[in-house]
Amino acid sequence: MLPVEFVDTMQQQLGAQAPLLFRALEEQPVTSIRLNDKIDELSFNADIDEVPWHYEGYYLSERPQFTLDPLLHAGCYYVQEASSMLIQCALEQYVPEDGLVLDLCAAPGGKATLISQYLGNQGLLVANEVVRQRVFILSENIQKWGNGNTVVTHNAPSLFSEAMPNAFDCILVDAPCSGEGMFRKDEQAIADWSMRTVRTCVERQRSILDDVWDALKPGGIMIYSTCTFNRHECEENAMWIAEELGADILPLNMDESWGVVESIAGYHCYPHLVRGEGFYMCVLRKRRREFAPFRIRHAKKPNSTPITAENEQLVRSWLYQPDNWALRQLDRFITAYPIRHKEIIDYMSTRFLCISLGFGLAEERGKHFAPQHSLAMSKAARVDAFPQLELDLENALAYLRTEALPIPNLPLGLLLVTYHGVPLGFVKNVGARCNNLYPNEWRIRNL
Ligand code: SAM
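According to the working numbering, the sequence shown holds residues 198 to 644 in order.
Structure (structure tokens):
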């Protein structure tokens with residue numbers, strides 16, 4: 198049952214359209230995925246249909262048991278609600294591909310992996326999550342996506358304004374909201390909803406926006422989005438940004454056939470008009486004015502342990518374009534991150550709580566270096582640097598549950614495990630058994 202006050206609010210907002218929305222909220226949610234360029238085709242049979250606003254987005258006619266598909270765990274696609282892929286339009290229209298982008302409220306990482314893909318090997322993404330329990334799944338999804346162009350941070354929004362004023366070309370605030378757009382996906386969203394929650398959300402959203410505003414360059418792009426319908430958390434906040442913080446609301450080119458509704462400020466996806474869930478987005482440009490561009494001053498040297506030339510040569514031999522990556526060793530771990538963003542990443546690692554940056558390349562084990570799991574997930578990995586062990590579905594799932602594998606007729610030592618040719622991780626063939634090196638915290642449980 199929809200909350201009475203929600204029904205009243207929507208009737209005022211949508212008039213004759215409101216009953217169509219209520220009916221749509223009783224239907225089954227739509228299933229969609231966004232493909233990574235790690236694969237050309239899916240490993241399971243499904244009737245698929247293209248999401249019109251994202252070239253890698255697909256609707257599935259049925260929801261498969263995604264956990265049972267090893268390619269999900271290999272980061273070959275992300276199960277993402279179709280409406281939220283609309284931020285691609287904002288990126289393509291207003292954000293340079295070599296830009297510095299902050300995704301402030303990023304967990305679990307649907308939009309962050311989309312932005313990472315958009316920025317490719319040119320731009321840099323900072324994906325932040327303030328809630329501790331959620332930051333690790335964000336980091337996991339970023340590692341699995343494999344672009345290496347992302348720093349995952351766990352900080353309060355105000356630190357970005359303080360430590361990086363006027364730095365970002367684009368900030369996405371995909372704000373925590375009252376979640377009306379999730380009503381048909383999540384019963385709990387209905388139970389948690391009240392007008393009081395809406396008011397609390399508005400206050401929180403404004404405080405987040407205010408706190409991060411100084412980190413956006415004048416002339417830079419703010420993408421404000423929610424998965425809710427009410428105008429308090431949507432249009433009123435967008436107009437508040439424009440008037441109080443100082444920005445201009447920008448139009449987006451969208452095809453009428455998509456069913457996205459343009460309002461007085463921003464765009465709504467209503468599930469009775471769009472093939473997707475409820476979503477709202479407004480794109481604003483911070484007003485231009487004289488400003489001091491962000492410069493790194495008095496940067497502390499990031500902690501690191503020297504890497505010997507021999508070890509560096511070894512670990513770089515695992516990379517396709519080794520010169521594109523800066524390396525840093527901390528304790529036993531060597532991390533690789535884009536050399537073109539070295540200065541800013543080094544600086545960030547002294548001021549922010551960085552959960553991951555770039556990707557984990559190698560780990561010191563005794564006198565040797567072994568690859569880290571995230572190297573297997575990375576698109577920068579030279580897969581032919583390791584002997585490969587292709588698994589069938591049953592053994593791939595056993596591997597992902599961190600179970601023992603049959604001993605292969607392959608050389609002793611590290612083997613790169615693949616499924617449909619895509620790396621899943623490493624095992625160590627010690628002859629008598631094959632040690633499973635899949636990260637324990639990522640293993641599939643309950644199967
Ligand atoms: N962008 C994500 C995605 O596409 O997967 C979804 C983000 S979700 C709508 C909002 C996020 O904001 C949650 O991860 C939540 O933990 C975080 N959050 C909650 N309170 C916050 C606050 N006060 N400041 C910043 N982020 C907050």
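Where a beta carbon is used, it is the ideal one built from N, C-alpha and C, also for glycine.
query: Using DSSP with H/G/I as helix, E/B as strand and the rest coil, what is S553?; result: strand
query: I'd like to check one pair, G345 with A567: are the Cβ atoms closer than 8 Å?; result: no
query: Does G378 come out as helix, strand or coil in the three-state DSSP assignment?; result: helix
query: Among R630, V328, W522 and F203, which one has its Cα closest to the Cα of D389?; result: F203
query: Does the distance between the C-beta of D371 and the nearest non-hydrogen atom of ligand 1 fall short of 7 Å?; result: yes
query: Check each candidate in N318, E224 and R529 and name the one with the smallest Cα separation from N521.; result: N318
query: Do you know how far the Cα of L257 is from the Cα of T228?; result: 6 Å
query: Taking the CB atoms as reference points, tell me whether V409 and L301 lie closer together than 8 Å.; result: yes
query: Would you identify the three-state DSSP class for N508, choosing helix, strand or coil?; result: helix
query: Going by Cα to Cα distance, which pick from F380, A506 and L322 is closest to F365?; result: L322
query: G296: which of I541, G272, L586 and D589 sits nearest, CA to CA?; result: I541
query: My assumption, with CB atoms under 8 Å, is that L218 sits in contact with Y467. Please give the rounded CB distance.; result: 6 Å
query: Cα-Cα, which of G463, T547 and G563 is closest to K497?; result: T547
query: Pull up the CB-CB distance for N242 and Y274, whole angstroms please, since I reckon it's below 8 Å.; result: That pair is no contact at about 15 Å.
query: Between the alpha carbons of Q277 and W250, how many angstroms are there, rounded?; result: 13 Å
query: In the DSSP assignment, what are the bridge partners of S571?; result: BP columns for S571 are empty, so no partner.
query: I'd like to confirm something about W405: is its beta-carbon nearer than 7 Å to some heavy atom of ligand 1, or not?; result: Checking the displayed sequence, the identity of residue 405 turns out to be Ile instead of Trp. True, at least one ligand heavy atom lies under 7 Å from that Cβ.
query: Which of helix, strand or coil does DSSP assign to D411?; result: helix
query: Classify D366 as helix, strand or coil using the three-state DSSP reduction.; result: strand
query: Assuming the contact rule is C-beta atoms closer than 8 Å, L335 and V349 should be a hit. Round their C-beta distance to whole Å, please.; result: 6 Å
query: So, is I604 buried or exposed, given that buried needs 16 or more other C-beta atoms within 10 angstroms?; result: exposed
query: With distance defined between alpha-carbon atoms, name the residue in G306, L406, I245 and G343 nearest to E516.; result: Inspection of the sequence shows that residue 516 is occupied by Leu rather than by Glu. Nearest option by C-alpha distance: G343.
query: Assuming Y315 and L288 are in contact, meaning their beta carbons sit under 8 Å apart, how far apart are those beta carbons, in whole angstroms?; result: 5 Å
query: With hydrogens ignored, establish whether the beta-carbon of P305 is closer than 7 Å to any heavy atom of ligand 1.; result: yes
query: Between which two residues does the alpha helix (DSSP H) carrying C286 extend?; result: I284 to Y291
query: Looking at the unbroken beta strand (DSSP E) that takes in K564, where does it start and where does it end?; result: From DSSP, K564 is part of no beta strand (DSSP E); its letter is neither H nor E.
query: What span of residues does the beta strand (DSSP E) with Y274 cover, start to end?; result: Y274 to V276
query: Terminal residues of the continuous beta strand (DSSP E) containing Q314?; result: Not the beta strand (DSSP E): Q314 falls in the alpha helix (DSSP H), residues G307 to L316.
query: Where does L265 sit, in a helix, a strand or coil, going by DSSP?; result: helix
query: Would you mind sorting P535 into buried or exposed? The rule is 16 or more other CB atoms within 10 Å of its CB.; result: buried
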